[in-house]
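Numbering (my numbering), first residue to last: 394 to 714. One structure is given below, encoded as structure tokens.
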Amino acid sequence: MSMKGMSLLTLEEFSGDQITQLIDRAIELKNLKQARKFPKNLENRNFCLVFLKPSTRTRTSFVVASCDEGAHLEIFGHEDIRFGIKESVKDIARVMGRMFDGIAFRGYDHSVVEDLARYSGVPVWNGLSDDHHPTQALADLMSLKEEFGEIRGRKLAFVGDGSSNVVRSLVIAGAKTGLDFRVVSPTELQPDRATIEPYLTAADPDFRLTITEDVTEGVAGCDAIYGDIWLSMGEEHLVKHRIEILEPYRIDEAMFAKTGNAKAIFLHCLPALHDDETEFAKSHPGVIDVTDDVFEGARSRVFDQSENRMHTIKAIMVETV
Ligand code: CP
Ligand code: NVA
């Protein structure tokens, strides 16, 4: 079914069938690229990418996907376009809609990406807001499908900061595709139930959601443990408290032993603090969210998952433009 003209703001816009279609398309595009075949589905299209926060994976995915498909992508940093400072989001969106065939945006307040979609009239792809990270969730679903053949019924335990944008997007992704999803977090970092409730009303009948602070309960029998950095962009000042409350949620081999599943895999949206090679980890001992043996070990699929960011972003661009 056609997704032409649709924006990806939360993933809630897409049905379970459409998400399955997107994942299948991403796998097809990945196979084509591996065979060095580039169908150039987006030739003569112009896209812009406006990122107000840093990015490695999401930004490069949009760049490579556009290039592979024959489109031109213009990149704007946080100093280039200043929403709401001397021009409203609404006016900027209307100009961009006259110039570009699609807009990738990463920002803070989720309402900005909504306004961009509302007023530009072209597909807008949310490359992360404070509340949602839907392109990440698409890559996560693709990675599960590649690993297990089927997403429905897979037991995925997110462990760490359950209040993050990544978790909210996984709740939506899981509700659409029938995941058995567990959020394992200290009480104060659990997802806000009132906020996620609307995403659960029309959930797939196979969807299960468990929110617990008990690691043993949360990871029991799971197929995959999923991590995120303990401090989302802009939260760095909370580091001392986060280390105190998240210490028991550091992902390590002992946690994997609690799954009872020797084949359980490790996923992470990245960036991960898994060693002391970064300035942030050096200056904040204890902020490591996953141990190096897990990150570098045989269970880890994090770089496949990371590569899948590009294939899924390519699929959403090709299907919606
Ligand atoms: N996972 C993710 O969105 O990474 P970047 O912040 O590097 O884009
Ligand atoms: N929750 C993290 C995800 C980074 C990809 C953040 O918002 O910084």
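The C-beta atom is built at its ideal place from N, Cα and C for all residues, glycine as well. All of these numbers come straight from a predicted model, not from anything done at the bench.
Could you check if residue i belongs to the surroundings of ligand 1, using beta carbon to heavy atom distance under 7 Å?
i           : result
residue 547 : no
residue 664 : yes
residue 438 : no
residue 526 : yes
residue 521 : yes
residue 448 : yes
residue 414 : no
residue 694 : no
residue 451 : yes
residue 411 : no
residue 529 : yes
Do residue j and residue i have their beta-carbon atoms positioned less than 8 Å apart in this structure?
i           : j           : result
residue 614 : residue 603 : no
residue 573 : residue 542 : no
residue 482 : residue 496 : no
residue 404 : residue 578 : no
residue 570 : residue 409 : yes
residue 680 : residue 636 : yes
residue 709 : residue 415 : yes
residue 588 : residue 651 : no
residue 697 : residue 622 : no
residue 462 : residue 423 : no
residue 540 : residue 694 : yes
Taking the alpha-carbon positions, what's the residue i to residue j distance?
i           : j           : result
residue 518 : residue 714 : 11 Å
residue 625 : residue 557 : 7 Å
residue 465 : residue 419 : 20 Å
residue 502 : residue 523 : 6 Å
residue 521 : residue 494 : 20 Å
residue 654 : residue 641 : 20 Å
residue 457 : residue 703 : 7 Å
residue 435 : residue 468 : 17 Å
residue 580 : residue 672 : 29 Å
residue 559 : residue 526 : 5 Å
residue 633 : residue 662 : 22 Å
residue 406 : residue 699 : 23 Å
residue 712 : residue 426 : 17 Å
residue 477 : residue 447 : 20 Å
residue 513 : residue 534 : 29 Å
residue 454 : residue 431 : 16 Å
residue 644 : residue 552 : 7 Å
residue 538 : residue 488 : 39 Å
residue 586 : residue 595 : 15 Å
Say yes only if the C-beta of residue i is nearer than 7 Å to one or more non-hydrogen atoms of ligand 2, and no if none qualify.
i           : result
residue 639 : no
residue 559 : yes
residue 626 : yes
residue 621 : yes
Go ahead and pull the three-state DSSP assignment for residue i.
i           : result
residue 501 : coil
residue 649 : helix
residue 431 : coil
residue 513 : helix
residue 603 : strand
residue 693 : strand
residue 662 : coil
residue 617 : strand
residue 548 : strand
residue 575 : strand
residue 629 : helix
residue 415 : helix
residue 495 : strand
residue 468 : strand
residue 680 : coil
residue 480 : strand
Can you check which of these residues, the options, is closest to residue i by C-alpha distance?
i           : options               : result
residue 441 : 490, 462 and 480      : 490
residue 568 : 552, 592, 580 and 660 : 592
residue 470 : 451, 448 and 444      : 444
residue 505 : 494, 474, 535 and 664 : 474
residue 607 : 576, 588 and 630      : 576
residue 667 : 423, 656, 586 and 685 : 685
residue 646 : 639, 659 and 634      : 659
residue 510 : 400, 638, 710 and 531 : 400
residue 402 : 415, 451 and 498      : 498
residue 565 : 431, 538 and 531      : 531
residue 627 : 597, 699, 500 and 651 : 500
residue 582 : 599, 554 and 600      : 554
residue 437 : 452, 424, 492 and 480 : 492
residue 550 : 412, 657, 701 and 488 : 657
residue 548 : 485, 590, 616 and 630 : 616
residue 413 : 480, 460, 486 and 536 : 536
residue 411 : 675, 394 and 690      : 394
residue 690 : 598, 629, 451 and 649 : 649
Comparing the C-beta of residue i with each C-beta of chain D, is any distance below 8 Å?
i           : result
residue 601 : Absent from the structure is chain D; it holds one protein chain and no more.
Compute every distance between the C-beta of residue i and the non-hydrogen atoms of ligand 4, then say whether any falls below 7 Å.
i           : result
residue 461 : Questions concerning ligand 4 fall outside what the structure shown contains, since the ligands it does hold are ligand 1 and ligand 2.
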